[in-house]
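To start, the structure under review is shown below, and the notes come after it.
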Amino acid sequence: MHIGLVGLGRMGNNMRTRLRAAGIEVTGYDPNPAVTDVPDLGALAEALPAPRIVWVMVPSGPITTGVITDLAAVLGEGDLVIEGGNSKFTEDAKHAALLAERGIRYVDCGVSGGIWGAENGYGLMAGGDKTDIERAMPVFDALRPDGPRAEGFVHAGAIGAGHYAKMVHNGIEYALMQAWAEGYELLEAKDELIHDVTGVFTAWQRGTVVRGWLLELLVKALEEDPEFTDIEGYVEDSGEGRWTVEEALNNAVPVPTISASIFARFVSRQKDSPAMKAVAALRKQFGGHAVRKA
65 MHIGLVGLGR MGNNMRTRLR AAGIEVTGYD PNPAVTDVPD LGALAEALPA
115 PRIVWVMVPS GPITTGVITD LAAVLGEGDL VIEGGNSKFT EDAKHAALLA
165 ERGIRYVDCG VSGGIWGAEN GYGLMAGGDK TDIERAMPVF DALRPDGPRA
215 EGFVHAGAIG AGHYAKMVHN GIEYALMQAW AEGYELLEAK DELIHDVTGV
265 FTAWQRGTVV RGWLLELLVK ALEEDPEFTD IEGYVEDSGE GRWTVEEALN
315 NAVPVPTISA SIFARFVSRQ KDSPAMKAVA ALRKQFGGHA VRKA
């Protein structure tokens with residue numbers, strides 16, 4: 065199989081590496097000449113066998129819409145575009161309709177795994193027609209973690225379902241990180257009793273009911289900087305958490321924990337909080353997100 069990949073940043077470049085390691089030929093395009101395989105999208109289309117599959121992995125919003133629009137001009141009937149960025153699910157219907165005018169198929173796919181995905185695989189949540197999902201299954205199988213497909217990939221539903229599932233996933237992620245961060249701050253505050261905060265978290269990695277990957281990443285961050293002295297307690301939010309709360313309001317679903325985690329990030333922009341330093345450190349560990357130096 066031979067596919068195109070648009071966007072070779074933190075995630076896209078690692079995805080290209082994993083796909084190639086699985087035996088899938090990848091032609092990638094990126095505006096950065098240091099990483100791109102072809103000079104433009106037209107050359108990308110010419111390099112791929114028809115019917116083509118092109119995975120789009122660029123920042124959500126206007127950049128994604130621009131790429132979809134440009135692809136509509138160079139792809140043709142029967143080709144398939146998979147949009148794997150963190151787009152809002154409401155954008156998927158618009159993108160699908162734009163491509164459908166040219167007979168081009170569309171699948172949306174939420175992707176989780178951050179900068180560790182090349183090694184560990186990516187959790188994938190896809191939305192679209194069953195025939196299109198099955199056509200792209202070799203790609204999904206190459207990107208997902210080893211093991212049962214159902215534990216790393218889901219066809220969540222119709223177009224938009226993949227990004228909706230990823231939105232909820234990230235809302236949960238916000239809340240989990242906030243819980244870890246608050247626990248860290250409470251342990252730090254009791255320094256006359258707790259003498260080894262890093263050791264406490266390290267000891268929780270086996271046998272406890274709270275063990276998991278985020279805990280492992282927090283331990284890694286603490287081992288690198290036990291007091292988070294090099295990190296400012298300022299945390300961005302990339303959109304999905306807000307969208308989760310918006311959807312909860314629209315559907316009258318109570319999400320007090322997720323909501324609180326969003327507001328805590330707003331607090332982080334007002335003062336330097338130890339808990340927010342922990343959240344910032346976690347985002348850097350799993351996603352390579354930039355942190356502000358103290």
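In this text, residue positions in the sequence shown follow the numbering used here: the first is 65, and each later residue adds one.
Positions of the beta carbon are idealized from the N, C-alpha and C atoms, including for glycine.
All figures in this text were calculated on a predicted structure; none of them were measured in a lab.
Write down the C-beta distance between residue i and residue j rounded to the nearest angstrom, noting that I regard them as a contact closer than 8 Å.
| i | j | result |
| --- | --- | --- |
| L207 | R82 | 6 Å |
| W244 | L278 | 6 Å |
| V120 | G149 | 7 Å |
| A137 | V171 | The pair is not a contact, with the Cβ atoms about 20 Å apart (cut-off 8 Å). |
| A111 | T91 | 5 Å |
| A342 | L282 | 7 Å |
| L108 | M241 | Their Cβ separation, rounded to whole angstroms, is 36 Å, which puts L108 and M241 out of contact at 8 Å. |
| A339 | E246 | 5 Å |
Return yes when the Cβ of residue j is within less than 8 Å of the Cβ of residue i, no when it is not.
| i | j | result |
| --- | --- | --- |
| Y298 | R275 | no |
| G224 | G174 | no |
| G71 | V122 | yes |
| S176 | K230 | yes |
| F292 | G178 | no |
| K357 | E296 | yes |
| G167 | G187 | no |
| S325 | V331 | no |
| H66 | P113 | yes |
| I88 | V203 | yes |
For residue i, which residues in the same chain have their Cβ closer than 6 Å to its Cβ, ignoring the five residues on either side in sequence?
| i | result |
| --- | --- |
| R169 | L144 and D196 |
| S151 | S124, T128 and H227 |
| V218 | M189 |
| D205 | none |
| T266 | V283 |
Just verifying my parser: in three-state terms, what is the DSSP assignment at residue i?
| i | result |
| --- | --- |
| W119 | strand |
| A172 | Residue identity differs from the one stated: residue 172 is Asp in this sequence, not Ala. In the structure shown, D172 sits in a strand (DSSP, three-state: E or B). |
| F350 | helix |
| E165 | coil |
| K357 | strand |
| S325 | helix |
| E252 | helix |
Cutting at 7 Å between CB atoms, please list the residues of its own chain near residue i, excluding the five before and the five after it.
| i | result |
| --- | --- |
| N77 | V99 |
| L135 | L105, V118 and V145 |
| A160 | Y170 and I223 |
| M209 | Note on residue identity: the sequence assigns Pro, not Met, to residue 209. Excluding residues within five positions, the ones whose Cβ falls inside 7 Å are N184, G185 and G216. |
Looking only at its own chain, which residues have a Cβ that is under 8 Å from the Cβ of residue i, when we skip the five neighbours before and after it?
| i | result |
| --- | --- |
| V261 | Y248, L251, E252, L286 and P290 |
| G181 | M75, N78, M79, R82, V175 and L207 |
| I322 | G235, I236, Y238, A239, G305, T308, V309 and A312 |
Who are residue i's beta bridge partners in DSSP?
| i | result |
| --- | --- |
| T91 | G68 |
| E147 | V120 and D172 |
| H219 | A190 |
| I295 | K357 |
Relative to the ligand COA, is the shortest distance from any of its heavy atoms to the C-beta of residue i smaller than 7 Å?
| i | result |
| --- | --- |
| E280 | Looking for the ligand COA in the displayed structure turns up nothing, as the structure carries no ligands at all. |
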